[in-house]
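Residue numbers (the numbering used here), protein chains in the order written: chain A, 1 to 248; chain B, 1001 to 1248.
Don't be surprised by glycine CBs; every beta carbon is placed ideally from N, CA and C.
There are 2 protein chains.
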Amino acid sequence: MVARYERIADELRDDILTGVHPIGSQLPTEAELAGRYRAARGTVRQAVAVLVAEGLVGSRQGARRIVLGKARSQSFAELHSFAQWARANGYRYGGQVIAQRRRAAGPAEAARLGTEEVLDVLRLRTLEDEPVLVERTVYAGWVAAAVEGLAPGCESVTEALYDSIGLVFAYGEHLIDAVSAGVRDADLLGVRRGSPLLRQRRITTTHEGRPVEWSDDRYRAGSVVFSIRNSIDANPLVRQAGDLRFGA
Amino acid sequence: MVARYERIADELRDDILTGVHPIGSQLPTEAELAGRYRAARGTVRQAVAVLVAEGLVGSRQGARRIVLGKARSQSFAELHSFAQWARANGYRYGGQVIAQRRRAAGPAEAARLGTEEVLDVLRLRTLEDEPVLVERTVYAGWVAAAVEGLAPGCESVTEALYDSIGLVFAYGEHLIDAVSAGVRDADLLGVRRGSPLLRQRRITTTHEGRPVEWSDDRYRAGSVVFSIRNSIDANPLVRQAGDLRFGA
DNA sequence: TAAAGGAACTTGTACAAACAAGCCAGCACA
DNA sequence: TGTGCTGGCTTGTTTGTACAAGTTCCTTTA
């Protein structure tokens, strides 16, 4: 059963995508939408709030709402799982475990993941048969056994872990910056040493806030772009100074 | 006048930050919060929704809400304006216009910014007296005059434009990837040619959805990191394949 | 002609009530 | 012991109402 406001949001999103409400135009008023969909104003507000959160629609008190952009929005699963993302977008993709071993967690890792033992996995991912991504993932001890049970050529770790132990990735925090390719990275990705890589470090947790994995993913420059929409009212993106305080 | 739900959200955020509600603990139920603050349940829900959107609190139907992380959240202005960000975080910062000229807009720019004439500005930004950022900004024709009126060493363009013509930046879309430094970039930032840079391309609009500027900002590797929190329910971050379709 | 004022409209905030849906612990039963 | 179910608890959805606050545009006035 899908909620009423979600169906209304879907219809509105579709109307924006198909040009019924072109970019720059005004959205119908809440009263008009409420009449059209036979719903209470509060329900319509919820639907529109979804689009505002997605950055598709701009809103401010007293003024009519305005269409800012067209639909995008990937699911969390699609962002989290390389395989699910690639499949949803119609790319040819693959993956291979290069190395894998258990070891004791360092103090920082123990604090971050909340376990004494961890599992290191180094994976290489391909898109359209080109190597594009080196994944260095550290799994918390309590999922290590399940990860080790996967086939080395397993395409979607996320889906496999859900099937085997019902694990659901629910929350993530991501740090994005640029680094130069080391010897190993360069060799795996087929680029020159020192060439630029887009790095995404992320930590993922379950619904209960229990950390599952910590990963350092490095994309070959030009292969992947991250995209975010934000506004005065909602700003998910944060800028931080790098590790080194210059001159300090 | 600050809204009731915002004050409640602020208090809850503060309680999380100060450890009254430690990470991993359960938040009080809506009914309890409603009683404590003498507010309706709906108002409390609005307050909690703010924290959920910020990624501080996890929420799912039937289960108690859980504290996921501590407060961060910069304002949109702080993300948009290098100067406001640096100042708020206590850094020494500076900026200098390197080059500036008017020219006719290309077809892509005309579509993106909605003007025939544009103003190119190349700026170099410093943090703690080190050059960290090369900004290549293209302003729409209707703000060109105001931008040209600014001092070459103007620290905050955002604030200056608000003071002079009341311009408010309200919405943005950001594309983040990694590129290698060209000759000019390398020279300005004091790094070797080909070394990695973190690139943030963004387009910013007013409340009315009118595009103001298009910018290509390149950070020296290691100087700045972008950070995003997301979840199954709210996912502002999107991954896109790069410009080149491999082998196509 | 231009500024000031105000009326109509639109979105934002707050409250109340009722039901739906999902979670979880504890109980009963095998 | 452990499995399955149930009932209470908590969050999610929807409706309705009232007022607050901001915008927009038209009218009035200097």
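Pair within 8 Å by beta-carbon distance, residue i and residue j
i                       : j                       : result
residue 1194 of chain B : residue 1180 of chain B : yes
residue 1164 of chain B : residue 1081 of chain B : no
residue 68 of chain A   : residue 1205 of chain B : yes
residue 1231 of chain B : residue 170 of chain A  : yes
residue 185 of chain A  : residue 201 of chain A  : no
residue 1044 of chain B : residue 1053 of chain B : no
residue 1197 of chain B : residue 178 of chain A  : yes
residue 1029 of chain B : residue 1064 of chain B : yes
residue 199 of chain A  : residue 176 of chain A  : yes
residue 214 of chain A  : residue 135 of chain A  : no
residue 1211 of chain B : residue 1112 of chain B : yes
residue 1207 of chain B : residue 13 of chain A   : no
C-alpha gap between residue i and residue j, whole angstroms
i                       : j                       : result
residue 1125 of chain B : residue 144 of chain A  : 45 Å
residue 1148 of chain B : residue 1203 of chain B : 19 Å
residue 1129 of chain B : residue 241 of chain A  : 14 Å
residue 238 of chain A  : residue 90 of chain A   : 31 Å
residue 161 of chain A  : residue 154 of chain A  : 11 Å
residue 114 of chain A  : residue 1139 of chain B : 48 Å
residue 1011 of chain B : residue 1020 of chain B : 11 Å
residue 1282 of chain B : residue 235 of chain A  : The shown model of chain B, from 1001 to 1248, leaves out residue 1282 of chain B, and the question about it has no answer.
residue 1137 of chain B : residue 1183 of chain B : 18 Å
residue 1151 of chain B : residue 1092 of chain B : 19 Å
residue 31 of chain A   : residue 41 of chain A   : 7 Å
residue 1245 of chain B : residue 1026 of chain B : Because residue 1245 of chain B sits at a pLDDT of 42, beneath the cut-off of 50, its placement in the model cannot be relied upon, and the point is left open.
residue 1016 of chain B : residue 1022 of chain B : 6 Å
residue 39 of chain A   : residue 1018 of chain B : 42 Å
residue 1187 of chain B : residue 1096 of chain B : 15 Å
residue 247 of chain A  : residue 106 of chain A  : Legend: pLDDT at residue 247 of chain A = 33, less than 50; position of this residue unreliable, value from coordinates given subsequently. For residue 247 of chain A and residue 106 of chain A, the distance between alpha carbons rounds to 28 Å.
residue 1119 of chain B : residue 1102 of chain B : 4 Å
residue 209 of chain A  : residue 1003 of chain B : 30 Å
Spatial neighbours of residue i in its chain, beta-carbon cut-off 6 Å, leaving aside the 5 residues before and after
i                       : result
residue 1077 of chain B : 1084
residue 98 of chain A   : 122, 124
residue 173 of chain A  : 203
residue 58 of chain A   : 66, 68
residue 1100 of chain B : 1121
Residue i, DSSP secondary structure in three states
i                       : result
residue 1150 of chain B : coil
residue 1196 of chain B : strand
residue 1227 of chain B : strand
residue 987 of chain B  : The structure shown has nothing for residue 987 of chain B, since chain B only spans 1001 to 1248.
residue 207 of chain A  : coil
residue 23 of chain A   : coil
residue 188 of chain A  : helix
residue 1102 of chain B : strand
residue 51 of chain A   : helix
residue 1117 of chain B : strand
Cβ neighbours of residue i in the same chain (closer than 7 Å, five flanking residues each side left out)
i                       : result
residue 1104 of chain B : 1116, 1117
residue 9 of chain A    : 47, 50, 51
residue 86 of chain A   : 93, 127
residue 219 of chain A  : 132, 133, 197, 198
Proximity test, residue i beta-carbon vs the ligand NAD heavy atom, cut-off 7 Å
i                      : result
residue 137 of chain A : Here there are no bound small molecules, and the ligand NAD is not part of this structure.
Residue i at chain B interface by Cβ criterion, 8 Å
i                      : result
residue 21 of chain A  : no
residue 238 of chain A : yes
residue 241 of chain A : yes
Min CB distance residue i to chain A below 8 Å
i                       : result
residue 1231 of chain B : yes
residue 1195 of chain B : yes
residue 1006 of chain B : no
residue 1177 of chain B : yes
residue 1009 of chain B : no
residue 1205 of chain B : yes
Close beta carbons around residue i, own chain, < 8 Å, minus the five adjacent residues each side
i                      : result
residue 158 of chain A : 77, 80, 81, 83, 84, 169
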